[in-house]
Amino acid sequence: MKQLILLTFLVLPFHLFSQKKPNVILIMMDDLGYGDLGVYGASQYQTPNLDKMAKEGVRFTHFLSAQAVCSASRAGLLTGCYPNRIGIAGALFPNSKVGINAEEETIAELLKANGYRTGIFGKWHLGDRKEFLPLQHGFDEYVGIPYSNDMWPVHYDGTRPENNSKKIHPELPIIRGNEAASYIKTLDDQAQITQLLTKESIQFIEKNKDKPFFLYFPNPMPHVPINASAAFKGKSKLGLYGDVMMEMDWSVGQILQTLKRLKLDENTIVIFTSDNGPWQNFGNHAGSTGGLREAKGTSFEGGQRVPFIVQWKGHIPEGQVQSGLASNIDVLPTLCAITKSPLPKKKIDGVNIQALIQGDTEAEPRKIFYYYYRTNNLEAVRQGTWKLVFAHPGRTHEGFLPGQDGFPGPLREDFPFKQALYDLRRDPGERYDMSEKYPEKLAELQALGNQARAEIGDDLLKIKGAENRTVGQAINP
Ligand SMILES: [Ca+2]
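Residue numbers for the sequence shown follow our numbering, so the first one is 21 and each next one is one higher.
Here is the structure:
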């Protein structure tokens, strides 16, 4: 045995022993749609840096956010759990009495415990009370906004209410560490967000170039109110939304160039995704689902399916398109595997998708996905390319003209969707109910739904789950 160990040491190349832990960069856009990047079919503007990133790595075509709304999606990404398992739902508002529970372990906490420096530059949205802020959940550094950029005392047209009593939200702070450092007060201030956060992210990389780091960059754009800095205004043929996309793409390019300059590109895994589909009733200020049904705020594919691109130079084959099923709840276990960090002690729902990232077309680490929405409604279940949508009240954009130039159009929040079975391979638009032709598939997916209901409940059928955990409660509610 001793000899064998000695032999192994002699045979293995030295660099395997000296290799440093890989750095991790996780870029999460806000309300960027499945069809919003060049490589996913965008038109009237270009995203060359992200297209190149996809060319040098892998892009996924069936990647789902945890839920089609800000806070829930981010909770899923950072904890590896269905957000309803840990009690986070919807989009939290300023001074929320709830936030992420201190007993949940985030990617930042897990990597920090494994020797990583951790930084977040962007939108948090998992509770804005001090006890819920990023520094209390595993991050060493934080610069950004605590919730959405439209949660501010400003009208859609950029003017401020004259009467203070009309203010529905407090001033929108940019927080450094745990304290408000400045405020976003005008649409012009919104235009500086991408520049500021890109600068902060680059400084963080430079400062930590000699140690393993985890950089989480949740850019608040292109969530309305959108705006671009002077250098990008008028750059695209599309107008402001295209300008914002081009600035976002520039920002990703800056991050990638920084890695190259510091010779960190071969030891850094870079991930790009979005928290949910486009906010479609904002019309020309919203993105594109690429033709998928419905949009943000729904469990149809337009709300839930988002781009997912991974680049890890020298470690994953270039130019892959991965059609395997995956979700942002899978990011945590995958990063734990790659960085050799222990998984959270409590049960999670994510699975390790490293095989998919590395080009395995046979692997199926995720066979099933549950589409929950609102507080705890199980609206759909997916197995491979089959999707069973359960009867549920939901948002629809059908039949309404969108707004424009920063103003929303109407939509309906309580449309009574009927149960339907879709085969997304040939029906990506979720139009043809195949229940009658595939009764066995229908039964199979119904049974899967019941499994989820037993574990984490379903308000639609008034079923309490056995495993739901409590959300974090504010210290002084
Ligand atoms: Ca969002």
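The C-beta atom is built at its ideal place from N, Cα and C for all residues, glycine as well.
Every value quoted in this text rests on a predicted model; they were computed, and no experiment measured them.
Extent of the continuous beta strand (DSSP E) run through Q403: 397 to 403
Quick check: does the Cβ of D148 come within less than 6 Å of any heavy atom belonging to ligand 1? no
Around the C-beta of H175, are 16 or more other C-beta atoms found within 10 angstroms, so that it is buried, or is it exposed? exposed
Inter-stretch contact (C-beta, 8 Å, three-pair minimum) for the segment 325 to 340 and the segment 63 to 80: yes
So, for V31: in the same chain, excluding its five sequence neighbours on each side, which residues have a beta-carbon less than 8 Å away from its beta-carbon? Because the pLDDT at V31 is just 48, under 50, the model does not fix this residue reliably, and the value given afterwards should be weighed accordingly. There are no such residues.
If you reduce the DSSP assignment to three classes, tell me which class F302 lands in. helix
Per-residue burial, K457 [other beta carbons within 10 Å of its own, 16 or more giving buried]: exposed
Return the chain-ordered ranges of every alpha helix (DSSP H) run that is complete within the segment 210 to 266 and spans a minimum of 4 residues. 213 to 227
Taking only the alpha-carbon atoms, compute the straight-line gap between S221 and M49 and give it to the nearest angstrom. 14 Å
Which residues in the same chain have their Cβ closer than 7 Å to the Cβ of Q215, if we skip the five residues on either side of it in sequence? S249
According to DSSP, what are the bridge partners of N43? T288
Taking buried to mean at least 16 other C-beta atoms within 10 Å of its own C-beta, is N69 buried or exposed? buried
Measure from the alpha carbon of T206 to the alpha carbon of each residue in R196, L258, V244, then state which is nearest. V244
By how many angstroms is the C-alpha of F237 removed from the C-alpha of A74? 18 Å
Identify the residues that DSSP records as bridge partners of W270: which are they? Beta-bridge pairing links W270 to no other residue.
Less than 8 Å between C-beta atoms, sequence neighbours within five positions excluded: which residues of the same chain meet that for D170? H243, V244, P245
Where does Y8 sit, in a helix, a strand or coil, going by DSSP? Nothing in the structure corresponds to residue 8, since the chain is present only between 21 and 497.
Any heavy atom of ligand 1 closer than 6 Å to the beta-carbon of D478? no
Give me the DSSP bridge partner(s) of S202. I194
Excluding sequence positions up to five away, which residues of its chain have a Cβ less than 6 Å from the Cβ of R137? D160, N228, K231, F233
Looking only at its own chain, which residues have a Cβ that is under 6 Å from the Cβ of F328, when we skip the five neighbours before and after it? F80, F83, T293
Which whole-angstrom value is the C-beta distance of E124 and I140, which I expect to be below 8 Å? With a Cβ gap of about 16 Å, E124 and I140 do not count as contacting.
Span of the beta strand (DSSP E) around R79: 78 to 80
N296: beta carbon under 6 Å from a heavy atom of ligand 1? yes
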